[in-house]
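Protein chains in written order, with numbering that gives the first Met the number 0: chain A, 0 to 241; chain Y, 0 to 241; chain F, 0 to 241; chain C, 0 to 258; chain W, 0 to 258; chain L, 0 to 258. We treat Cβ as the ideally placed atom computed from N, Cα and C, and that holds for glycine. Every value quoted in this text rests on a predicted model; they were computed, and no experiment measured them. Remarks on the structure that follows.
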Amino acid sequence: MAKDDVELIKNGKRLDGRKFDDLRKIKIEVGVLKRAVGSAYVEWGKNKVMAGVYGPRELHPKYLRDPTKAHLRCIYNLAPFSVEDRKRPGPDRRSVEISKVSAEALSSVVMLEKYPNAGIDVFIEVLQADAGTRCVGLTAASVALADAGIPMRDLVPACAAGKVSGEIVLDLMKEEDNLGECDLPLAIIPRKKEIVLLQMDGKLTKDEFKKACGLAVDGAMKVYEMQKEALLSSINNVRIEE
Amino acid sequence: MAKDDVELIKNGKRLDGRKFDDLRKIKIEVGVLKRAVGSAYVEWGKNKVMAGVYGPRELHPKYLRDPTKAHLRCIYNLAPFSVEDRKRPGPDRRSVEISKVSAEALSSVVMLEKYPNAGIDVFIEVLQADAGTRCVGLTAASVALADAGIPMRDLVPACAAGKVSGEIVLDLMKEEDNLGECDLPLAIIPRKKEIVLLQMDGKLTKDEFKKACGLAVDGAMKVYEMQKEALLSSINNVRIEE
Amino acid sequence: MAKDDVELIKNGKRLDGRKFDDLRKIKIEVGVLKRAVGSAYVEWGKNKVMAGVYGPRELHPKYLRDPTKAHLRCIYNLAPFSVEDRKRPGPDRRSVEISKVSAEALSSVVMLEKYPNAGIDVFIEVLQADAGTRCVGLTAASVALADAGIPMRDLVPACAAGKVSGEIVLDLMKEEDNLGECDLPLAIIPRKKEIVLLQMDGKLTKDEFKKACGLAVDGAMKVYEMQKEALLSSINNVRIEE
Amino acid sequence: MDIEACLRKDYITNQVNDGKRLDGRKFDEYRDMEIEKDYVGEKACGSALVRLGDTRILVGISLNVGEPYPDAPESGVMTISTELRPIASPNFETGPPGGEAIEVARVVDRGIRESNAIETEKLFIEENKVWIVFVDIHALDHGGNLIDASGVAAIAALVNTRMPKYEDDQVIRGEWKGKLPVKCTPVPCTSVKIGDNILIDPSMDEEYAMDARLTVTTTDMMNAMQKGGQGTLKEEDILSAVDLSFEKGKEIRKVIESL
Amino acid sequence: MDIEACLRKDYITNQVNDGKRLDGRKFDEYRDMEIEKDYVGEKACGSALVRLGDTRILVGISLNVGEPYPDAPESGVMTISTELRPIASPNFETGPPGGEAIEVARVVDRGIRESNAIETEKLFIEENKVWIVFVDIHALDHGGNLIDASGVAAIAALVNTRMPKYEDDQVIRGEWKGKLPVKCTPVPCTSVKIGDNILIDPSMDEEYAMDARLTVTTTDMMNAMQKGGQGTLKEEDILSAVDLSFEKGKEIRKVIESL
Amino acid sequence: MDIEACLRKDYITNQVNDGKRLDGRKFDEYRDMEIEKDYVGEKACGSALVRLGDTRILVGISLNVGEPYPDAPESGVMTISTELRPIASPNFETGPPGGEAIEVARVVDRGIRESNAIETEKLFIEENKVWIVFVDIHALDHGGNLIDASGVAAIAALVNTRMPKYEDDQVIRGEWKGKLPVKCTPVPCTSVKIGDNILIDPSMDEEYAMDARLTVTTTDMMNAMQKGGQGTLKEEDILSAVDLSFEKGKEIRKVIESL
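Set out below in structure tokens:
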């Protein structure tokens, strides 16, 4: 697959017809699992991701216990069939890294100090993957934590920007991620308007970075609105059920 | 090896000359190991299997401890040289499954409630394998438990039946297992005449199943007599030694 | 590489010009690492080895704790790039064996009884390997233990002898180890003049063994002098610094 | 087992002895089962999501080209794995599959393999090259009876699996050529014994209270059986379970084949 | 976190808020950095030891011949591993790499890969045979800022790597033919945020006291970024760190290229 | 070490200092040794069971066809594994081999390899295809001196190993063609030092009470040595052990060769 073969941008439109600052279609569902204390399901373009939360609960092994706060663990997992070339089950280095930065981002908003010595587990299951899964997973995870009733200072919406055929664009899909020049996923704490997850790989000048970063933050703010909406309507649903 | 090449049944006799309801030759020895608390060795056709028991003893890890009863663990292991094509050492999925169903069957008769929090370990070592090893192993294991002096409600004799060249036959040997239509291993609690282990794979009608099941139960009853005889003569040996 | 292609001994001299009872060039540095409680670095011919010590410290897992003495653990590790053909990271069977015999040798001199229940960890990192690394590692390890201020009855100098082209020689280098007839690494407790590590593989008569053993012990005694000198000058350095 | 668990087990057993199940079902009644085929249809060659009561299992099928087994050089290969993901239950751990996950995979495997559901002889490509069919069972929510939900999801996914195009010694991802050849629809049906009663499709609570469990996988014949649990079964228990499994298997098979 | 650790963290933060670092450095100042190339030059194809304050990282490069990735059949392969050896810190364990080691390896990897530093297209040998470049990061002493020390050691080792001779389908060990083709020198620079301050090249104590961390790897452009830690960063924090990283990266690059 | 163990160790040492072993043997006397060749002769290519006092070791030999090592392309390959099965001792665990099992395997391996017992050059089949000889040491009962029992069982099994038929690029299982070429019979003999005494063939109790252990593997020469334990040995201790090992090795070799 030579990079020249595919024209990623044509007449100012992207492969799937989006403008540079368009998000893919996003659907967020809350409380989709019965066993998990909290859960959320997010469809985002062709991505399908489920997040589930257990805890606060007893933490094992014991040496991880912190008498000043809970320990938040996050496991990001790509299902074997979520990608075209089957992925061998079990954690690989990419999953371990994403799990680490996701746990750090979530730890930033969860009031861990309320549950000394406890463990809170966040499981992110990527069922279908099409670029940007760490953003989708984190977006689902903070909604699942809220659904679990765990006290948080804010949600953690996430979104990527990147550079494709020389243009800075929002929310890369698979072909853009594979053939583009740069990917920049980030996550924010909306109330502080500060950045809590940031990774980048590719080639960017400082000015391009500023532009991409701003675009991604705006995207994350839109995701934030959808997260809140989904949580609100889930609370309404609960009321109706009761 | 095409299925048609080998004539499994000829003039109403099987490859090794047995009738449909004949067991292979079985030899049971009790107390064959020094370190194990109880042990047994069973030769069954070309199968050679040793079982050893340790415990009741302190159970690790701690979270497995049950204050109402002992935890019985069973490890079924195929020696690398026990089959013609060397088996890589270590548990594979088949061994894990057999260990699980064997532990369940033995837990049914051992008076686990007498040893709260303790662990009882049953190790089954298949030294030479020729079809039916799970039945041989279970047969050896319950004798080893009795040899260890662990209180039991009954022994757990086991035997397989199956379908070979259209006939329901008892106790399949290797060629019959490989080329036959069905294998049905089971184990019983003789005093209750109830079934405690049952697996099947292949193709059977309900009527064939009934017939095979009855045949296997009868086979297991014969094995039960041999188990009791072996245990009795081991007790007599002990008396003579003293 | 046929054994005949290389002439290992020529005119009574070895490949690198050494006489039969010459050691390779040895350099010992003490206190080379900041985080480790004690450390040493040894260059020995082309070998480069670092040893570091942690402890006495809390020992995990708990079941290893001995109320009568400390538990000394030794991990010998070959860096992937230390040999020409990259070694996969992680312990292999050779490393596990060397770790075991090294731990036994060091346990012989460390006053473990002073630290009941504790753990003392010795890490040996082979950064460049050229035959004799277990001797180099052990030589570095006992210096690192002394640098850590852990009370010891003596140091543990080590040296190998072997048989090359029919001659008994001291301290085999790589080509001699690969193509020679025998390698005999040993380590001693100099004050007792007794042997605490001894391995051999190859072909030796009893008389040759006696000769090689004597040669290796003499070599180890020379190493002992270098160990003491390095420790002394490190203490002097400390005094000057203060 | 703590006291609360004991009491709960007793309660369920008493209810069952009175002919009642906690969720109001009859003994021979399955919970609602929804099968959604091609649930992750953009990437996987085949997939199906099964909701059985509170249980939710996703199965995805991946096809690769690889080597046949030496003893069947002209046949494709099927391999089934189960992951009981920690999202599905507070009792599931991360790490390699344990005994429970392996049992689910192997029981589902036996049903499909022994009924020769996949026509593996049609998966031969050329000498030493055959299609490998990976069946990945992914448990997302554990509400009891994982075996049946997994087995149904697996065969529903297989029945609807597309074959990737294969050209010039390469699998062309995203392009398809025909369907995976599947010739029958084995369905596992699991019953449990509680007291003297045989109940089909146990909920999680019923699994907890059960004495023994029996899975029977059927097509037009019986293809696989697996007894579980520490209790025993009488011959008549087994025959009841067999009858129930034939009956329910037929109903579920119709649903799968009409997807 | 015990009380001593809390107090220590507070102390460092207060000092930093007063404009001071414990070791007397300015906020935009690196600790002394020594780079020793060919540190294990008798066996490895390339190597470099970096001393950065108390941190000591050895990187060794090994070359083997192997298969290319299927999606880049005409390119060599680079693979980076990190081992945080237990000799380097009381907190490092034996066993396979954990999250921290993997993060170091992946951040270093991204900088080198995304800047196309290694001309992998020149590592093609013949169909299905390419050079595999193993970059092994070996941490010997952990005094803070492992990422920068590792990244500098890795690229310094690569720049000075010799190619083994390859004749008659065999790698000739100990004989060399030219150097590994490397065309640029990506340098990772890590800053931390403590209070409202951005400090470059954190010591171990500063890593402990930090709110957040940001690594920016640069050549003439930015090639990789990685934010770490549970705290947040403002856009201006990030832009300061980017400026610092470009500036310090240029200085370090000069040193590496003049070795 | 608990108080009971200390007392037991003292008792054994005192007895030995008085010239006595608990089981009445002389210091230079082996326990009864039975070697049963072809113990699992229906499946394995070779096998031998050794009973040495209470110790019981079964070794099985499997032959497969595989690739040679790159540095010896015309020689067969031998690989020795030891499994100290948990059935053999309350102290053995399930899981991959630990230090003790690995030491047994490697000491046995060295004796066989260094004496060139197996004529590996005769195990060449064709380019890139040689016989692989798997020697699996299976400990069933641990009554002390695992190394000698394992080493004797291994060489006894090898001496009696049949070669499977190999036709049309395939191993024909169950048909045989000649024997594995073995040209000498290395025998490991293990002594321990207790107090100032050297005893051969330690029982489990004696291993527990020993200061140090020395294994010497002999043919007509010495081929391997391994010292074990935390104690030290004087040169004269070693020479006594060497003499004992040559003497006992000769006796055991006769038994093996006459099987």
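Going by DSSP, what residue range makes up the beta strand (DSSP E) through C73/Y?
Start at 1 with the first residue of the second sequence, and residue 73/Y comes out as number 74. First-last of the beta strand (DSSP E) with C73/Y: 70–77.
Grouping DSSP H, G and I as helix and E and B as strand, with all else coil, what is F333/W?
Missing from the structure shown is residue 333/W; chain W here goes from 0 to 258 and no further.
Residue from E234/L, V186/L, I193/L, E206/L with nearest C-alpha to L197/F
For the purposes of this step, residue 197/F is identified with residue 198 of the third sequence, where counting begins at 1. For L197/F, the nearest C-alpha among the options comes from E234/L.
Inter-residue Cα distance where the pair is V109/F and A147/A
The residue you call residue 109/F lines up with position 110 of the third sequence. The residue you call residue 147/A lines up with position 148 of the first sequence. Distance between the alpha carbons of V109/F and A147/A: 54 angstroms.
Got a sec: is the Cβ-Cβ distance from E73/W to anything in chain F below 8 angstroms?
The count along the fifth sequence starts at 1 and reaches residue 73/W at position 74. No, E73/W lies away from the interface with chain F (no Cβ there is under 8 angstroms from its Cβ).
Does the beta carbon of K42/C come closer than 8 angstroms to any beta carbon on chain A?
Start at 1 with the first residue of the fourth sequence, and residue 42/C comes out as number 43. Yes, its Cβ sits closer than 8 angstroms to a Cβ of chain A.
Between I124/W and chain F, is there a C-beta pair that is closer than 8 angstroms?
The residue given as residue 124/W occupies position 125 in the fifth sequence. Cβ-Cβ to chain F under 8 angstroms: no for I124/W.
Buried or exposed: L83/L, going by 16 or more other Cβ atoms within 10 Å of its Cβ?
Mapped onto the sixth sequence, residue 83/L falls at position 84. Counting Cβ neighbours within 10 Å, L83/L comes out buried, since at least 16 surround it.
At a CB distance below 9 angstroms, what residues from the region 186–205 of chain Y approach chain C? Give them in sequence order.
I187, I188, K191, K192, E193, I194, V195, L196, L197, Q198, M199, D200, G201, K202, L203, T204, K205
Cα separation between I167/F and R7/W?
Looking up residue 167/F in the third sequence gives position 168. Looking up residue 7/W in the fifth sequence gives position 8. Rounded to whole angstroms, I167/F to R7/W spans 60 angstroms at the Cα level.
Would you call the region 6–26 of chain L and the region 154–163 of chain L in contact, with 3 or more CB pairs under 8 angstroms?
no
For T204/Y versus M220/C, is the C-beta distance shorter than 8 angstroms?
On the second sequence, residue 204/Y is found 205 positions in, with the first residue counted as 1. On the fourth sequence, residue 220/C is found 221 positions in, with the first residue counted as 1. Cβ distance < 8 angstroms, so T204/Y and M220/C count as in contact.
6 angstroms Cβ shell around D120/Y - same chain, five flanking residues per side excluded
As a working note, residue 120/Y is residue 121 in the second sequence. Closer than 6 angstroms at Cβ, skipping near neighbours: Y53, G54, R72.
Taking contact to mean at least 3 C-beta pairs separated by less than 8 angstroms, is the region 27–39 of chain F in contact with the region 135–152 of chain F?
yes
Inter-residue Cα distance where the pair is E256/W and T184/W:
For this step, residue 256/W is matched to residue 257 along the fifth sequence. For this step, residue 184/W is matched to residue 185 along the fifth sequence. Rounded to the nearest angstrom, the two C-alpha atoms are 8 angstroms apart.
Which chain Y residues sit within Cβ distance under 8 angstroms of L57/L?
One-based indexing of the sixth sequence puts residue 57/L at position 58. The contacting residues are A78, L126.
Measuring alpha carbon to alpha carbon, tell me which residue in Q229/W, G143/W, C188/W is nearest G248/W.
In the fifth sequence, counting from the first residue as 1, residue 248/W sits at position 249. Among Q229/W, G143/W, C188/W, the Cα nearest to that of G248/W belongs to C188/W.
May I have the straight-line CA-CA distance separating E33/C from R55/W, to the nearest angstrom?
Here residue 33/C is taken as the residue at index 34 of the fourth sequence, counted from 1. Here residue 55/W is taken as the residue at index 56 of the fifth sequence, counted from 1. Going by the C-alpha atoms only, they are around 59 angstroms apart.
Can you pull out the residues from the region 79–95 of chain A whose beta carbon lies closer than 7 angstroms to at least one beta carbon of chain W?
R92, V95
Check whether the Cβ of I86/L lies closer than 8 angstroms to any Cβ atom in chain Y.
In the sixth sequence, the residue the question calls residue 86/L occupies position 87. Yes, contact with chain Y.
Segment limits, alpha helix (DSSP H) that includes K249/W
As a position in the fifth sequence, residue 249/W is number 250, starting the count at 1. Its alpha helix (DSSP H) spans residues 234–256.
For K86/A, does the three-state DSSP call read helix, strand or coil?
For the purposes of this step, residue 86/A is taken as the residue at position 87 of the first sequence. Correct three-state label for K86/A: coil.
Taking the alpha-carbon positions, what's the R13/F to D135/L distance?
In the third sequence, counting from the first residue as 1, residue 13/F sits at position 14. In the sixth sequence, counting from the first residue as 1, residue 135/L sits at position 136. Distance between the alpha carbons of R13/F and D135/L is about 40 angstroms.
Once you ignore the five residues that flank K192/W on each side, which residues in its own chain have a CB closer than 7 angstroms to its CB?
Numbered from 1 along the fifth sequence, position 193 holds the residue referred to as residue 192/W. Answer for K192/W: M209, D210, A211, G230, L232, D236, listed in chain order.
Does the Cβ-Cβ distance between S233/Y and V29/Y come in under 8 angstroms?
As a working mapping, residue 233/Y is identified with position 234 in the second sequence. As a working mapping, residue 29/Y is identified with position 30 in the second sequence. Taking 8 angstroms as the Cβ cut-off, S233/Y and V29/Y qualify as a contacting pair.
Contiguous alpha helix (DSSP H) assignments of at least 4 residues, all confined to the region 106–163 of chain C
145–158
Quick one: give me the first and last residue of the alpha helix (DSSP H) that K8/L is part of.
Position 9 of the sixth sequence, counted from the start, is the residue given in the question as residue 8/L. Here the alpha helix (DSSP H) through K8/L covers 2–16.
For E33/C, which residues does DSSP report across the bridge?
Translated into positions along the fourth sequence, residue 33/C becomes position 34. In the DSSP output, where bridge partners are listed per residue, E33/C has R50/C.
Using the Cα positions of I251/L and A153/L, report the straight-line distance between them to the nearest angstrom.
Translated into positions along the sixth sequence, residue 251/L becomes position 252. Translated into positions along the sixth sequence, residue 153/L becomes position 154. Going from the Cα of I251/L to the Cα of A153/L covers about 13 angstroms.
According to DSSP, is V41/Y helix, strand or coil?
By one-based count along the second sequence, residue 41/Y stands at place 42. Looking at V41/Y - three-state DSSP - the assignment turns out to be strand.
Just to make sure I have the definition right: I need the residues of chain Y whose C-beta is within less than 9 angstroms of the C-beta of L232/C. Which are they?
For the purposes of this step, residue 232/C is identified with residue 233 of the fourth sequence, where counting begins at 1. Result: E193, I194, V195, L197.
Closer than 8 angstroms is the cut-off here; do at least three beta carbon pairs connect the region 68–85 of chain W with the region 119–139 of chain W?
yes
If the cut is a Cβ gap below 7 angstroms, which residues of chain B does R109/L touch?
This model lacks chain B altogether; the protein chains it does include are A, Y, F, C, W and L.
Can you confirm whether N10/Y, when its beta carbon is compared against all beta carbons of chain C, has any partner nearer than 8 angstroms?
For this step, residue 10/Y is matched to residue 11 along the second sequence. Answer no: the Cβ-Cβ gap between N10/Y and chain C never drops below 8 angstroms.
Quick one: is the Cβ of I197/L within less than 7 angstroms of any heavy atom of the ligand SAM?
Ligands displayed in this structure: none; no statement on the ligand SAM is therefore possible.
According to DSSP, simplified to helix, strand and coil, what is L63/A?
Here residue 63/A refers to the residue found at position 64 of the first sequence. Helix, per DSSP.
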